[in-house]
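Numbering (UniProt numbering), first residue to last: 1 to 130.
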């Protein structure tokens, strides 16, 4: 039986991810986009090991895959399955989501969504807390 991370990792491409974010960032919402960017920047980091990148590319591949468990265009619930997959990947690779990755994400989020009044990065902090 094939590892789902590897299957979805094959559907991942940086251009596919960018295309999905440009088209659907507002529909997906800030929480989903923030998690996508954390994972994207962590995958680019040389400090992130191969096993973690496999988990990341699997989650990002699932995010851009057009036929996932809950269609992304379904009103209100379309991105809930994506959020679950992204959160699971973040739990797995939380150690590699560092301050630089969070800062790069904040900059990109402000470009797309405008200045933020609150931080939504509690999930990674909770995972990393002793």
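Idealized CB from N, CA, C, for every residue including glycine. The model shown is predicted, which means the values in this text are computed figures rather than measured ones.
Identify, in the order they occur along the chain, each residue of the same chain with its Cβ nearer than 7 angstroms to the Cβ of residue i, setting aside the five sequence neighbours on each side.
{"i": "residue 25", "result": "33, 112"}
{"i": "residue 19", "result": "none"}
Report the option in the options whose CA atom is closest to the CA atom of residue i.
{"i": "residue 14", "options": "90, 62, 49, 51", "result": "62"}
{"i": "residue 107", "options": "38, 17, 28", "result": "38"}
{"i": "residue 102", "options": "55, 45, 51", "result": "45"}
{"i": "residue 89", "options": "99, 55, 109, 104", "result": "55"}
{"i": "residue 41", "options": "83, 27, 94, 22", "result": "94"}
{"i": "residue 51", "options": "92, 23, 116", "result": "92"}
Which residues in the same chain as residue i place their Cβ atom closer than 6 angstroms to its Cβ, once the five residues preceding and following it in sequence are excluded?
{"i": "residue 145", "result": "For the chain, the structure presents residues 1 to 130; residue 145 sits outside this window and is missing."}
{"i": "residue 12", "result": "57, 60, 61"}
{"i": "residue 104", "result": "41"}
{"i": "residue 30", "result": "113"}
{"i": "residue 116", "result": "none"}
When you compare the CB of residue i with every CB in chain B, is at least one pair closer than 9 angstroms?
{"i": "residue 89", "result": "Here chain B cannot be found, since the structure has a single protein chain."}
Report yes if the C-beta of residue i is less than 8 angstroms from at least one heavy atom of the ligand SAH; otherwise report no.
{"i": "residue 50", "result": "By its list of ligands, the structure shown contains no ligand whatsoever, and the ligand SAH lies outside what it can speak to."}
Buried or exposed, going by whether 16 or more other CB atoms sit within 10 Å of the CB of residue i?
{"i": "residue 48", "result": "buried"}
Do residue i and residue j have their C-beta atoms closer together than 9 angstroms?
{"i": "residue 82", "j": "residue 28", "result": "yes"}
Note down, in chain order, each residue of its chain lying with its Cβ closer than 8 angstroms to the Cβ of residue i, except the 5 sequence neighbours on either side.
{"i": "residue 110", "result": "116"}
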